[in-house]
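Novice: My structure is below; once you've seen it, I'll send some questions.
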Amino acid sequence: MKQFWSERIKDLVPYTPGEQPKDRVFIKLNTNENPYPPSPKVLKAIEDAAGEGLRLYPDPEATALRQAIAEYHGLKPEQVFCGNGSDEVLGLCFYAFFTPGKKVVFPDITYSFYPVYTQLFGLDYEEIPLNEDFTLPVEKFLGSNGGAVICNPNAPTGRTLPLTDIRRILDANPDVVVLVDEAYADFGAQSAVELISEYPNLVVVCTMSKSRSLAGMRIGYALGNADLIAGVNCVKNSFNSYPLDRLALAAGEAAIRDVEYFECTRNSIMQTRERTTVHLRELGFRVHDSNANFIFIAHPAKSGKELQQGLRDRGVLVRWFNKPRIDQYLRVSIGTDADMERMCAACEEILKG
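The sequence shown begins at 0 in numbering that gives the first Met the number 0 and counts up by one.
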(Lines of atoms letter the chains of each structure in order from A and count residues from 1; the text may use other names and numbers.)
(Lines give C-alpha, C1' and ligand atoms only; values in the text may rest on other atoms or scores of the structure.)
Protein backbone atom coordinates (compact mmCIF):
# COMPACT_ATOMS: atom_id res chain seq x y z
CA MET A 1 0.00 0.00 0.00
CA LYS A 2 2.82 2.45 0.97
CA GLN A 3 0.12 4.77 2.31
CA PHE A 4 2.23 6.18 5.12
CA TRP A 5 5.62 5.87 3.48
CA SER A 6 7.77 8.96 3.11
CA GLU A 7 8.03 10.37 -0.40
CA ARG A 8 11.78 9.73 -0.14
CA ILE A 9 11.37 5.95 -0.12
CA LYS A 10 8.23 5.23 -2.15
CA ASP A 11 10.25 4.56 -5.30
CA LEU A 12 13.38 3.24 -3.56
CA VAL A 13 14.57 -0.19 -4.71
CA PRO A 14 16.55 -1.71 -1.82
CA TYR A 15 19.56 -3.97 -2.06
CA THR A 16 18.76 -7.67 -2.40
CA PRO A 17 21.09 -9.96 -0.41
CA GLY A 18 22.03 -13.46 -1.49
CA GLU A 19 19.73 -16.35 -0.64
CA GLN A 20 19.97 -17.61 2.95
CA PRO A 21 18.41 -21.08 2.68
CA LYS A 22 16.39 -22.64 5.47
CA ASP A 23 14.71 -25.57 3.71
CA ARG A 24 17.75 -27.83 3.21
CA VAL A 25 21.50 -28.05 3.57
CA PHE A 26 23.46 -26.56 0.67
CA ILE A 27 27.06 -25.93 -0.23
CA LYS A 28 26.74 -22.18 0.12
CA LEU A 29 28.81 -20.35 -2.49
CA ASN A 30 26.47 -17.40 -3.06
CA THR A 31 27.34 -14.79 -0.42
CA ASN A 32 31.17 -14.58 -0.42
CA GLU A 33 31.47 -15.89 3.12
CA ASN A 34 34.74 -17.37 4.35
CA PRO A 35 34.62 -21.20 4.41
CA TYR A 36 36.95 -21.32 7.41
CA PRO A 37 36.01 -20.53 11.03
CA PRO A 38 37.29 -17.45 12.84
CA SER A 39 40.61 -17.58 14.61
CA PRO A 40 40.52 -19.53 17.91
CA LYS A 41 41.78 -16.32 19.53
CA VAL A 42 38.63 -14.58 18.30
CA LEU A 43 36.38 -17.20 19.86
CA LYS A 44 38.30 -16.90 23.14
CA ALA A 45 37.98 -13.10 23.07
CA ILE A 46 34.21 -13.35 22.53
CA GLU A 47 33.90 -15.85 25.38
CA ASP A 48 35.85 -13.56 27.70
CA ALA A 49 33.72 -10.54 26.70
CA ALA A 50 30.39 -12.35 27.19
CA GLY A 51 30.11 -11.61 30.87
CA GLU A 52 28.67 -9.12 33.30
CA GLY A 53 29.98 -6.24 31.20
CA LEU A 54 27.20 -6.77 28.66
CA ARG A 55 24.90 -4.76 30.91
CA LEU A 56 27.02 -1.70 30.08
CA TYR A 57 27.19 0.21 26.82
CA PRO A 58 30.18 -0.56 24.62
CA ASP A 59 32.96 1.93 23.97
CA PRO A 60 31.38 4.38 21.47
CA GLU A 61 34.85 5.26 20.13
CA ALA A 62 35.95 1.61 19.62
CA THR A 63 39.29 2.73 21.08
CA ALA A 64 41.08 -0.61 21.41
CA LEU A 65 39.86 -1.88 18.03
CA ARG A 66 40.85 1.33 16.26
CA GLN A 67 44.28 1.13 17.86
CA ALA A 68 44.75 -2.44 16.64
CA ILE A 69 43.60 -1.57 13.11
CA ALA A 70 45.83 1.51 13.04
CA GLU A 71 48.87 -0.54 14.06
CA TYR A 72 48.12 -3.17 11.42
CA HIS A 73 47.84 -0.60 8.60
CA GLY A 74 50.61 1.73 9.80
CA LEU A 75 48.22 4.60 10.57
CA LYS A 76 47.11 6.59 13.60
CA PRO A 77 43.90 5.75 15.53
CA GLU A 78 42.34 9.06 14.46
CA GLN A 79 42.61 7.81 10.87
CA VAL A 80 40.34 4.83 11.61
CA PHE A 81 36.55 4.68 11.84
CA CYS A 82 34.76 1.49 12.94
CA GLY A 83 31.15 0.66 12.15
CA ASN A 84 28.53 -2.06 12.03
CA GLY A 85 29.78 -3.83 8.91
CA SER A 86 31.21 -2.16 5.82
CA ASP A 87 27.70 -1.65 4.42
CA GLU A 88 26.93 0.76 7.25
CA VAL A 89 30.36 2.37 6.93
CA LEU A 90 29.81 2.89 3.21
CA GLY A 91 26.40 4.44 3.86
CA LEU A 92 27.85 6.86 6.41
CA CYS A 93 30.64 7.78 3.99
CA PHE A 94 28.15 8.47 1.19
CA TYR A 95 26.24 10.80 3.52
CA ALA A 96 29.39 12.47 4.87
CA PHE A 97 31.26 13.10 1.62
CA PHE A 98 28.82 13.41 -1.28
CA THR A 99 26.52 16.39 -1.86
CA PRO A 100 23.13 16.57 -3.65
CA GLY A 101 23.49 18.30 -7.00
CA LYS A 102 27.06 17.06 -7.48
CA LYS A 103 27.20 13.85 -9.48
CA VAL A 104 28.80 10.78 -7.87
CA VAL A 105 30.29 8.30 -10.36
CA PHE A 106 30.75 4.54 -10.13
CA PRO A 107 30.69 1.64 -12.62
CA ASP A 108 27.46 0.27 -14.05
CA ILE A 109 28.50 -3.23 -12.99
CA THR A 110 29.61 -3.12 -9.37
CA TYR A 111 28.30 -3.55 -5.83
CA SER A 112 24.58 -2.88 -6.18
CA PHE A 113 24.31 -1.09 -2.85
CA TYR A 114 25.94 2.05 -4.34
CA PRO A 115 22.89 3.23 -6.32
CA VAL A 116 20.70 2.41 -3.32
CA TYR A 117 22.72 4.76 -1.10
CA THR A 118 22.61 7.56 -3.66
CA GLN A 119 18.85 7.26 -4.04
CA LEU A 120 18.29 7.04 -0.28
CA PHE A 121 20.34 10.17 0.37
CA GLY A 122 19.00 12.13 -2.61
CA LEU A 123 22.32 12.20 -4.45
CA ASP A 124 22.88 12.61 -8.17
CA TYR A 125 24.90 9.81 -9.73
CA GLU A 126 26.14 8.38 -13.00
CA GLU A 127 26.84 4.72 -13.70
CA ILE A 128 29.79 4.57 -16.08
CA PRO A 129 29.77 1.45 -18.29
CA LEU A 130 32.65 -0.94 -17.83
CA ASN A 131 34.60 -1.98 -20.90
CA GLU A 132 33.52 -5.16 -22.70
CA ASP A 133 36.10 -7.17 -20.73
CA PHE A 134 34.75 -5.66 -17.48
CA THR A 135 37.83 -3.48 -16.93
CA LEU A 136 37.32 0.08 -15.70
CA PRO A 137 37.43 2.93 -18.28
CA VAL A 138 39.71 5.06 -16.12
CA GLU A 139 39.54 8.14 -18.36
CA LYS A 140 35.85 8.59 -17.59
CA PHE A 141 36.61 8.91 -13.88
CA LEU A 142 39.12 11.72 -14.33
CA GLY A 143 37.41 14.85 -13.03
CA SER A 144 34.06 16.60 -13.61
CA ASN A 145 32.27 14.76 -10.81
CA GLY A 146 31.25 15.20 -7.20
CA GLY A 147 33.06 12.08 -6.02
CA ALA A 148 34.02 8.64 -7.24
CA VAL A 149 33.40 5.17 -5.82
CA ILE A 150 35.50 2.18 -6.88
CA CYS A 151 35.13 -1.36 -5.60
CA ASN A 152 38.58 -2.92 -5.88
CA PRO A 153 38.59 -5.82 -6.62
CA ASN A 154 35.26 -5.16 -8.25
CA ALA A 155 32.12 -7.11 -7.39
CA PRO A 156 30.83 -9.25 -8.98
CA THR A 157 33.56 -9.45 -11.65
CA GLY A 158 36.63 -9.88 -9.42
CA ARG A 159 38.67 -7.62 -11.71
CA THR A 160 41.31 -5.45 -10.04
CA LEU A 161 42.32 -1.88 -10.82
CA PRO A 162 46.10 -1.27 -10.58
CA LEU A 163 47.26 1.23 -7.99
CA THR A 164 48.68 3.40 -10.76
CA ASP A 165 45.14 3.93 -12.09
CA ILE A 166 43.80 4.74 -8.64
CA ARG A 167 46.52 7.37 -8.40
CA ARG A 168 45.37 8.83 -11.72
CA ILE A 169 41.80 9.09 -10.44
CA LEU A 170 42.94 10.69 -7.18
CA ASP A 171 45.15 13.20 -9.00
CA ALA A 172 42.30 14.14 -11.34
CA ASN A 173 39.80 14.66 -8.51
CA PRO A 174 41.69 16.68 -5.88
CA ASP A 175 38.62 18.54 -4.60
CA VAL A 176 36.28 15.58 -4.06
CA VAL A 177 36.47 12.29 -2.20
CA VAL A 178 37.51 9.11 -3.97
CA LEU A 179 36.15 6.12 -2.05
CA VAL A 180 37.86 2.78 -2.62
CA ASP A 181 35.86 -0.18 -1.33
CA GLU A 182 38.36 -2.93 -0.50
CA ALA A 183 35.99 -5.60 0.82
CA TYR A 184 37.91 -8.25 -1.15
CA ALA A 185 41.40 -6.75 -1.41
CA ASP A 186 42.96 -9.20 1.06
CA PHE A 187 42.67 -11.98 -1.53
CA GLY A 188 45.33 -10.69 -3.89
CA ALA A 189 44.86 -7.00 -4.72
CA GLN A 190 47.27 -4.21 -3.84
CA SER A 191 45.63 -2.01 -1.23
CA ALA A 192 45.27 1.74 -1.69
CA VAL A 193 45.89 2.29 2.03
CA GLU A 194 49.53 3.12 1.27
CA LEU A 195 48.30 6.20 -0.65
CA ILE A 196 46.43 7.75 2.29
CA SER A 197 49.43 9.81 3.45
CA GLU A 198 49.68 11.35 -0.03
CA TYR A 199 46.02 12.01 -0.78
CA PRO A 200 43.74 13.85 1.67
CA ASN A 201 40.76 13.00 -0.58
CA LEU A 202 41.14 9.20 -0.31
CA VAL A 203 39.01 7.02 1.94
CA VAL A 204 39.39 3.23 1.97
CA VAL A 205 36.60 1.01 3.33
CA CYS A 206 37.34 -2.49 4.61
CA THR A 207 35.45 -5.36 6.21
CA MET A 208 36.20 -8.27 8.53
CA SER A 209 33.36 -10.30 7.02
CA LYS A 210 35.45 -11.90 4.27
CA SER A 211 39.12 -12.44 5.01
CA ARG A 212 38.68 -12.48 8.82
CA SER A 213 35.73 -14.94 8.84
CA LEU A 214 33.51 -12.55 10.82
CA ALA A 215 30.46 -11.97 8.60
CA GLY A 216 28.25 -12.82 11.58
CA MET A 217 29.78 -10.10 13.77
CA ARG A 218 29.30 -7.15 11.36
CA ILE A 219 32.61 -5.28 11.66
CA GLY A 220 33.67 -2.77 9.05
CA TYR A 221 36.01 0.18 9.05
CA ALA A 222 37.13 3.20 7.05
CA LEU A 223 40.65 4.58 6.72
CA GLY A 224 41.66 8.08 5.67
CA ASN A 225 43.09 11.31 6.97
CA ALA A 226 41.83 12.54 10.33
CA ASP A 227 39.55 15.17 8.81
CA LEU A 228 37.72 12.61 6.65
CA ILE A 229 37.30 10.27 9.61
CA ALA A 230 35.98 13.14 11.74
CA GLY A 231 33.32 13.68 9.08
CA VAL A 232 32.20 10.06 9.26
CA ASN A 233 32.11 10.29 13.05
CA CYS A 234 29.93 13.39 12.77
CA VAL A 235 27.35 11.41 10.80
CA LYS A 236 27.63 8.34 13.05
CA ASN A 237 27.12 10.35 16.23
CA SER A 238 24.08 12.01 14.68
CA PHE A 239 22.56 8.59 14.00
CA ASN A 240 23.87 5.86 16.33
CA SER A 241 26.62 6.46 18.87
CA TYR A 242 27.14 2.76 19.64
CA PRO A 243 27.34 0.86 16.32
CA LEU A 244 29.58 -1.98 17.58
CA ASP A 245 28.67 -4.09 20.60
CA ARG A 246 31.14 -5.42 23.18
CA LEU A 247 31.44 -8.85 21.56
CA ALA A 248 32.14 -7.38 18.14
CA LEU A 249 34.77 -5.03 19.54
CA ALA A 250 36.55 -7.91 21.26
CA ALA A 251 36.28 -10.17 18.20
CA GLY A 252 37.57 -7.50 15.82
CA GLU A 253 40.60 -6.68 17.92
CA ALA A 254 41.55 -10.36 18.29
CA ALA A 255 41.05 -10.97 14.56
CA ILE A 256 43.20 -8.07 13.39
CA ARG A 257 46.00 -9.05 15.78
CA ASP A 258 46.08 -12.73 14.76
CA VAL A 259 48.02 -12.15 11.56
CA GLU A 260 49.30 -15.72 11.35
CA TYR A 261 45.80 -17.23 11.20
CA PHE A 262 44.67 -14.56 8.72
CA GLU A 263 47.57 -15.31 6.38
CA CYS A 264 46.95 -19.06 6.59
CA THR A 265 43.24 -18.95 5.71
CA ARG A 266 43.45 -16.29 3.01
CA ASN A 267 46.29 -18.15 1.29
CA SER A 268 44.22 -21.34 1.38
CA ILE A 269 41.34 -19.54 -0.31
CA MET A 270 43.58 -18.05 -2.99
CA GLN A 271 45.13 -21.45 -3.75
CA THR A 272 41.70 -23.06 -3.98
CA ARG A 273 40.55 -20.24 -6.27
CA GLU A 274 43.41 -20.88 -8.68
CA ARG A 275 42.83 -24.65 -8.76
CA THR A 276 39.12 -24.13 -9.34
CA THR A 277 39.79 -21.64 -12.13
CA VAL A 278 41.99 -24.16 -13.95
CA HIS A 279 39.39 -26.94 -13.56
CA LEU A 280 36.49 -24.83 -14.82
CA ARG A 281 38.46 -23.58 -17.81
CA GLU A 282 39.16 -27.20 -18.71
CA LEU A 283 35.37 -27.68 -18.74
CA GLY A 284 35.00 -24.86 -21.25
CA PHE A 285 33.99 -22.11 -18.81
CA ARG A 286 35.06 -18.55 -19.27
CA VAL A 287 36.56 -17.58 -15.92
CA HIS A 288 37.75 -14.02 -15.39
CA ASP A 289 41.01 -13.54 -13.51
CA SER A 290 40.08 -12.75 -9.91
CA ASN A 291 41.81 -11.23 -6.90
CA ALA A 292 38.74 -11.74 -4.71
CA ASN A 293 37.30 -14.68 -2.76
CA PHE A 294 34.97 -15.44 -5.68
CA ILE A 295 35.14 -16.05 -9.40
CA PHE A 296 32.93 -14.81 -12.24
CA ILE A 297 32.11 -17.55 -14.75
CA ALA A 298 30.05 -18.26 -17.86
CA HIS A 299 29.70 -21.17 -20.28
CA PRO A 300 28.79 -20.93 -24.00
CA ALA A 301 26.58 -24.03 -23.85
CA LYS A 302 24.38 -23.02 -20.91
CA SER A 303 22.73 -19.78 -19.79
CA GLY A 304 23.55 -18.30 -16.42
CA LYS A 305 20.07 -19.04 -15.14
CA GLU A 306 20.25 -22.68 -16.32
CA LEU A 307 23.57 -23.16 -14.57
CA GLN A 308 22.37 -21.48 -11.38
CA GLN A 309 19.25 -23.64 -11.21
CA GLY A 310 21.12 -26.80 -12.15
CA LEU A 311 23.63 -26.23 -9.38
CA ARG A 312 20.88 -25.47 -6.89
CA ASP A 313 19.12 -28.72 -7.82
CA ARG A 314 22.41 -30.47 -6.97
CA GLY A 315 22.78 -28.77 -3.61
CA VAL A 316 25.12 -25.91 -4.57
CA LEU A 317 24.11 -22.25 -4.21
CA VAL A 318 25.78 -19.62 -6.41
CA ARG A 319 24.77 -16.05 -7.27
CA TRP A 320 23.07 -15.17 -10.55
CA PHE A 321 22.32 -11.54 -11.42
CA ASN A 322 19.36 -10.91 -13.69
CA LYS A 323 20.90 -7.75 -15.12
CA PRO A 324 22.00 -6.57 -18.56
CA ARG A 325 25.51 -7.61 -19.67
CA ILE A 326 26.03 -10.09 -16.82
CA ASP A 327 22.94 -12.29 -16.96
CA GLN A 328 24.95 -15.12 -18.54
CA TYR A 329 27.41 -15.13 -15.65
CA LEU A 330 27.53 -16.65 -12.19
CA ARG A 331 29.45 -15.32 -9.21
CA VAL A 332 30.84 -18.27 -7.29
CA SER A 333 32.30 -17.81 -3.81
CA ILE A 334 35.39 -19.85 -3.02
CA GLY A 335 34.72 -22.56 -0.45
CA THR A 336 36.94 -25.36 0.79
CA ASP A 337 38.68 -27.67 -1.67
CA ALA A 338 35.92 -30.22 -1.05
CA ASP A 339 33.21 -27.61 -1.70
CA MET A 340 34.75 -26.57 -4.99
CA GLU A 341 35.28 -30.15 -6.12
CA ARG A 342 31.57 -30.78 -5.52
CA MET A 343 30.71 -27.61 -7.41
CA CYS A 344 32.90 -28.58 -10.40
CA ALA A 345 31.48 -32.11 -10.43
CA ALA A 346 27.95 -30.66 -10.48
CA CYS A 347 28.93 -28.43 -13.41
CA GLU A 348 30.18 -31.47 -15.31
CA GLU A 349 26.84 -33.23 -14.74
CA ILE A 350 24.90 -30.21 -16.01
CA LEU A 351 27.04 -29.88 -19.13
CA LYS A 352 26.57 -33.56 -19.91
CA GLY A 353 22.81 -33.00 -19.85
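Here a beta-carbon is modelled for each residue, glycine too, at the ideal position from N, C-alpha and C. Every value quoted in this text rests on a predicted model; they were computed, and no experiment measured them.
Any idea if A344 is buried or exposed, counting beta-carbon neighbours within 10 angstroms, 16 or more meaning buried?
Specialist: Taking the first residue of the sequence shown as position 1, residue 344 is located at position 345. With fewer than 16 Cβ atoms within 10 Å of its Cβ, A344 is classed as exposed.
Novice: Please name the residue or residues paired with A48 in a DSSP beta bridge.
Specialist: What you label residue 48 is simply residue 49 of the sequence shown in a count that begins at 1. Bridge partners of A48: none, in fact.
Novice: Which first and last residues belong to the alpha helix (DSSP H) in which Y94 is found?
Specialist: Translated into positions along the sequence shown, residue 94 becomes position 95. Segment G84 to F96, the alpha helix (DSSP H) holding Y94.
Novice: Using C-beta distances below 8 Å, list every residue in its chain close to V115, excluding the 5 sequence neighbours before and after it, in chain order.
Specialist: In the sequence shown, residue 115 corresponds to position 116, counting from 1. Excluding positions up to five away in sequence, the list reads L11, V12, P13 and Y14.
Novice: Between the Cα of G52 and the Cα atoms of F25, S289, V177 and A249, which residue gives the shortest distance?
Specialist: Working through the sequence shown from its first residue, we reach residue 52 at position 53. Closest by alpha carbon: A249.
Novice: For G219, which of helix, strand or coil comes out of DSSP?
Specialist: Here residue 219 is taken as the residue at index 220 of the sequence shown, counted from 1. Of the three classes helix, strand and coil, the one that applies to G219 here is strand, per DSSP.
Novice: Taking the alpha carbon of F295 as the reference point, which residue from T275, G309 and Q308 has its own alpha carbon closest?
Specialist: The sequence position of residue 295 within the sequence shown is 296, counting from 1. Of the listed residues, the one whose Cα sits closest to F295 is T275.
Novice: From this set, L89, D132, L64 and G283, which residue's C-alpha is nearest V79's C-alpha?
Specialist: Residue 79 sits at position 80 when you count from the first residue of the sequence shown. For the residues L89, D132, L64 and G283, the minimum Cα distance to V79 belongs to L64.
Novice: Shortest alpha-carbon distance to A171 belongs to which of N200, I195 and P152?
Specialist: To locate residue 171, count along the sequence shown from 1; it is residue 172. Of the listed residues, the one whose Cα sits closest to A171 is N200.
Novice: Is the beta carbon of G231 sitting closer than 7 Å to the one on A147?
Specialist: For the purposes of this step, residue 231 is taken as the residue at position 232 of the sequence shown. For the purposes of this step, residue 147 is taken as the residue at position 148 of the sequence shown. In the sequence under discussion, the amino acid at residue 231 is Val, which differs from the Gly named in the question. Contact flag unset, no.
Novice: Beta-carbon within less than 8 Å of L350's beta-carbon, same chain only, minus the 5 sequence neighbours each way: which residues are those?
Specialist: Stepping through the sequence shown from its first residue, residue 350 is reached at position 351. So the qualifying residues of the chain are L282, G283, H298, A300 and K301.
Novice: Roughly how many angstroms lie between the CA atoms of P99 and D180, to the nearest whole one?
Specialist: To locate residue 99, count along the sequence shown from 1; it is residue 100. To locate residue 180, count along the sequence shown from 1; it is residue 181. One C-alpha to the other measures close to 21 Å.
Novice: So who's on the other strand from R285, going by DSSP bridges?
Specialist: Taking the sequence shown and counting its residues from 1, one reaches residue 285 at position 286. In DSSP, R285 forms a bridge with A297.
Novice: With H, G and I counted as helix, E and B as strand and the rest as coil, what does DSSP make of D180?
Specialist: Reading the sequence shown from its first residue, position 181 is the one you call residue 180. D180: strand per DSSP, three-state reduction.
Novice: Checking 7 Å against the spacing of the C-beta atoms, do G84 and G219 come in under that value?
Specialist: For the purposes of this step, residue 84 is identified with residue 85 of the sequence shown, where counting begins at 1. For the purposes of this step, residue 219 is identified with residue 220 of the sequence shown, where counting begins at 1. Yes; because the gap between Cβ atoms is below 7 Å, this pair is in contact.
Novice: Spatial neighbours of P152 within its chain, please: C-beta separation below 6 Å, excluding the five flanking residues on both sides.
Specialist: The residue you call residue 152 lines up with position 153 of the sequence shown. These residues qualify, in order along the chain: T159, Y183, A188, N290 and A291.
Novice: If you compare alpha carbons, which of F293, V315, F320 and R313 is closest to K304?
Specialist: Counting from 1 along the sequence shown, the entry for residue 304 is found at position 305. It is F320 whose Cα lies nearest to the Cα of K304.
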